[in-house]
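First up is the structure itself, then whatever we jot down about it.
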Amino acid sequence: MEKYRVHEVAKDFNLPTKEITEILTSFGHPPKNHMQVLTDEELSFIFERLTQKHPVSSIQVIFADTAKEPEKKQPAQQEKKAAPAPAPAPARKDGRDGKGGRPQPAQAGQHAAKAQQQGGRPAQPQQQAKQPVQQPVSRVPQKKIVDTRKGGDVNLEKYDQRLEELGGERAARMERRGGGGKEKIHSQNRQRTGGPAFSNKRRQDEAEKMRRLQLEIAKKAPLKVMIPDEISVGELASRMKKTGAEVVKCLMKNGIMASLPQMIDFDTAAIIAEEMGCKVEHEVTVTIEEKLIDDHEDKPEDLVPRAPVVVVMGHVDHGKTSLLDAIRNTNVASGEAGGITQHIGAYQVQINGRPITFLDTPGHEAFTSMRARGAMITDIAILVVAAEDGIMPQTVESINHAKAANIPVIVAINKIDKPEANPERVKQQLTEYGLVAEDWGGDTICCPISAKKNIGIDNLLEMVLLTAEMGELKANPNRAGQGTVIEARLDKGRGPIATLLVQNGTLKQGDIIIAGTAVGRVRTMMDSKGRRLTEAGPSVPVEVTGLSEAPSAGSPFFAVADERMARELVEQRKAEERAKANAPAQKVSLENLFDQISAGERKELALIVKADVQGSVEAVKASLEKLSNEEVNVKVIHGGVGAINESDVMLAASSNAIIVGFNVRPNAVAQESATRMNVDMRMYRVIYDCIDEIEAAMKGMLAPKFREAVLGHAEVRQTYKVSGVGTVAGCYVQDGKIVRDCSVRVVRDGIVIHEGVLASLQRFKDSVKEVTQKYECGLTVEKFNDIKEGDIVEAFTMEEIPR
1 MEKYRVHEVA KDFNLPTKEI TEILTSFGHP PKNHMQVLTD EELSFIFERL TQKHPVSSIQ
61 VIFADTAKEP EKKQPAQQEK KAAPAPAPAP ARKDGRDGKG GRPQPAQAGQ HAAKAQQQGG
121 RPAQPQQQAK QPVQQPVSRV PQKKIVDTRK GGDVNLEKYD QRLEELGGER AARMERRGGG
181 GKEKIHSQNR QRTGGPAFSN KRRQDEAEKM RRLQLEIAKK APLKVMIPDE ISVGELASRM
241 KKTGAEVVKC LMKNGIMASL PQMIDFDTAA IIAEEMGCKV EHEVTVTIEE KLIDDHEDKP
301 EDLVPRAPVV VVMGHVDHGK TSLLDAIRNT NVASGEAGGI TQHIGAYQVQ INGRPITFLD
361 TPGHEAFTSM RARGAMITDI AILVVAAEDG IMPQTVESIN HAKAANIPVI VAINKIDKPE
421 ANPERVKQQL TEYGLVAEDW GGDTICCPIS AKKNIGIDNL LEMVLLTAEM GELKANPNRA
481 GQGTVIEARL DKGRGPIATL LVQNGTLKQG DIIIAGTAVG RVRTMMDSKG RRLTEAGPSV
541 PVEVTGLSEA PSAGSPFFAV ADERMARELV EQRKAEERAK ANAPAQKVSL ENLFDQISAG
601 ERKELALIVK ADVQGSVEAV KASLEKLSNE EVNVKVIHGG VGAINESDVM LAASSNAIIV
661 GFNVRPNAVA QESATRMNVD MRMYRVIYDC IDEIEAAMKG MLAPKFREAV LGHAEVRQTY
721 KVSGVGTVAG CYVQDGKIVR DCSVRVVRDG IVIHEGVLAS LQRFKDSVKE VTQKYECGLT
781 VEKFNDIKEG DIVEAFTMEE IPR
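Each residue of the sequence shown is one higher than the last, beginning at 1 in the working numbering.
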């Protein structure tokens, strides 16, 4: 097939190239330049558009043309000597020269237009001169050809041309085989050029052509392939109706070496399928969880107000338990002896006919475990502060937990009946942690109370209800129940017992519920007063039996319709948990911080700062928060004095934070928890080291060369003063080993008091290379003699990290 370019089409039609370019652009295939080769489809569209733009002005033009033709010629001669064209027909670029074939519609329209412009006269007088006798012409021809098709834009010529092309292809194939196909084609040509009449054979050939045309059209329609998120190469080949070898070959062309059983992602599979002429659609797989659990959004008209869920927090001995007892005793009906059954972790009380749900769990622990699992179940926090003690370390921890959970805090200043009580000092201390009392111009509600003497309790509860009203807490009771597991335990007689807080919908007796990896039917349901219930609405805490196992606290639970699917989902979750236990969790650390920022996963870097003195905490906090930039905000969510403990690690795990320590060390439990939860802990002795390292991590330039490897810990049991040597420490190795010439740090009450090198290590009178766990030894630290009994000597070495 010859190439037919844009500028050639324009030249053949005596049109500017720009006009042809505009026609193709309207078709949706704008050419790159005037040299672009056109496809059959594009040519057809150009011819159709030009035919429509150059219609015959009136029927008289046709009459005039017809009248001027010689009327008495033989039919065969008339066909041979057709009406002369206004210009020589251009050589066809698609393999036909136009001599034996039909004129294209666009050319026909153009000829008609030119004939009209020339007044209906033929354009070539030479051919007229050759005719022997000029017949007299009349204005009304004997034979009229009238086109009755409306609009004139049905292009039948295009289909005739396609049929002829198919015939030509068939002839070529027959010729290659050496069969008798040539004769068929010749005979068909003879018939077309005035040979014998149609025969039965001709009709069969025409039917064969039509069948081939239909097959061609069917082949052109692309195969639609549904591809999921992941698919094996073999399965992809099967869906595309291709051989595995073809697909593997196409993958190799794209630089992917994959065997048939290997899994490839959707993007890769889509590229391969499109290259192989298939239409791709993304197959959305509906999981069992999506089928089973109804998580549609509630309509605003279906929501009704619900009771607030309140948690009480504060420092030890500040009166949390006394306050809870006062609230319970005030609101228990007189007939109840002793009030509420204590084994349930939540209870509801009525204030002026309106319920409030209290969670009877240690405040910060409840927050940490719930937030770690992404379940925000409390609406309001009551922070209990003793009027004579003021803010204490655990109070600060509680404030940080409440802020991290983003819930309103009501401060209950307890013990105001004591003579040394100073509520104003408490309010002043609260301002340091961002809680400004209402009477000081802030928005934190502060209620002076005395839990022992029952002063101000009613006012506190009214403030809780007011805060709840401001929050517009609503839920839809007319749907399947869902909520959170508050706590669970195993009872010898009744089996697994779970305390559930219904957060939305209504939980009914007999419902099938799924909570984490536990599934079962609700056999019995009891409220906080030990009464049997048949159903529980939003914000109602209940104790249920009938689960297969005790679910973990903080797991969400859902009431479902299909028990078989629920059990299947539980099996899936158990398998996922096993896989997750084997794979290390991806937590934020300074090493992967820049990658997470680049990927857009991290907009805020949470830090927990622990130092040996309060001044250091404030200085470090201020310096680190200045590192914030437009990409990532550095936020210190908690700062405290003393050794890093388990509570800090739990908060870091739930908030995805990094722990920064200054002159402090983690205790054994915290160290173990951090390893288990994959929490990054960084210990520093110089503030600039910390700032430089975190800044470098944020810029992606962190390249640590050395890593600290802790060898072991030894407890100092006795000290000896030896002249010329200094203080010798008699130690007991608790874990690991102590090695001669290793680096050591002396830790006293969690605070690092010295860091240096081990000067000598002895067992009895012999100098040894190392002393292992559960053995005693004597050691001296270079240039340090202030060792005391009870100190911990931590031995460590610096290992080089391969780049």
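Glycine included, each C-beta is placed from N, C-alpha and C at the ideal position.
Quantities reported herein were computed from a predicted structural model and do not represent experimental measurements.
Given that a residue counts as buried once 16 or more other Cβ atoms are within 10 Å of its Cβ, and exposed if not, what is residue i?
i    : result
M525 : buried
R531 : exposed
P538 : buried
T534 : exposed
L215 : exposed
Y347 : buried
I272 : buried
E818 : This structure leaves residue 818 out entirely; the chain is present only between 1 and 803.
Y688 : exposed
D791 : buried
E22  : exposed
N663 : buried
S723 : exposed
E708 : exposed
F558 : buried
Name the one or two DSSP bridge partners that residue i has.
i    : result
P448 : I413
I834 : Past the boundaries of the shown model lies residue 834; the chain is included only from 1 to 803, so the question cannot be answered.
C278 : L223
F594 : For F594, which the question treats as bridged, DSSP gives no partner whatsoever.
N633 : E604
M392 : DSSP output for M392 lists no bridge partner at all.
K474 : P305
F558 : Q482 and I514
M798 : E708
F13  : Answer is none; F13 lacks a bridge partner.
S743 : V757 and F796
L507 : A536
M263 : S232
I738 : V771
M207 : Reading off the sequence, residue 207 comes out as Ala, not Met. Answer is none; A207 lacks a bridge partner.
Y732 : E715 and E776
A575 : In the DSSP output, where bridge partners are listed per residue, A575 has none listed.
A804 : Missing from the structure shown is residue 804; the chain here goes from 1 to 803 and no further.
R748 : I751
Taking the alpha helix (DSSP H) that residue i belongs to, which residues open and close that run?
i    : result
T25  : T17 to F27
C250 : G244 to K253
N459 : I457 to G471
T431 : P423 to T431
Y47  : It is Phe, not Tyr, that sits at residue 47 in the sequence shown. Element bounds for F47: D40 to K53.
L500 : Premise fails: L500 lies in the beta strand (DSSP E), G495 to N504, not in any alpha helix (DSSP H).
V233 : V233 to M240
V649 : E646 to S655
G615 : Q614 to E625
How far does the beta strand (DSSP E) with residue i in it extend, from its first residue to its last?
i    : result
G642 : No beta strand (DSSP E) contains G642, which DSSP labels as neither H nor E.
D527 : Per DSSP, D527 belongs to no beta strand (DSSP E) and is neither H nor E.
V807 : The question about residue 807 has no answer here: the residues shown for the chain are numbered 1 through 803.
Q762 : I751 to R763
L383 : I380 to A386
L346 : The question names Leu, but residue 346 is Ala in the sequence shown. First-last of the beta strand (DSSP E) with A346: A346 to I351.
T357 : R354 to L359
V660 : I658 to F662
L779 : E776 to V781
Within the region 678–728, note down every full alpha helix (DSSP H) run reaching 4 residues or more, in order along the chain. 687–699
What residue ranges within the region 295–336 form continuous beta strand (DSSP E) runs of no fewer than 3 residues, ordered along the chain? 309–314
Tell me, please, whether the region 473–481 touches the region 502–520 by the rule of three or more beta-carbon pairs shorter than 8 Å. yes
Say whether the region 389–400 touches the region 294–301, bearing in mind that this needs 3 or more beta-carbon pairs closer than 8 Å, one atom from each stretch. no
Assess, as a yes-or-no matter, whether the region 624–633 is touched by the region 645–656 under the definition of 3 or more beta carbon pairs within less than 8 Å. no
contact_flag[the region 674–694, the region 767–774] where n(CB pairs < 8 Å) is 3 or more: no
Three Cβ pairs or more, each shorter than 8 Å: is that satisfied between the region 272–284 and the region 449–457? no
Does the region 613–622 come into contact with the region 568–581, if we say contact requires no fewer than three beta-carbon pairs (one atom in each stretch) closer than 8 Å? no
Under 8 Å: do the region 491–500 and the region 306–322 share three or more Cβ pairs, one atom per stretch? no
How about the region 774–786 and the region 671–686: do they share at least three Cβ pairs that are nearer than 8 Å? no
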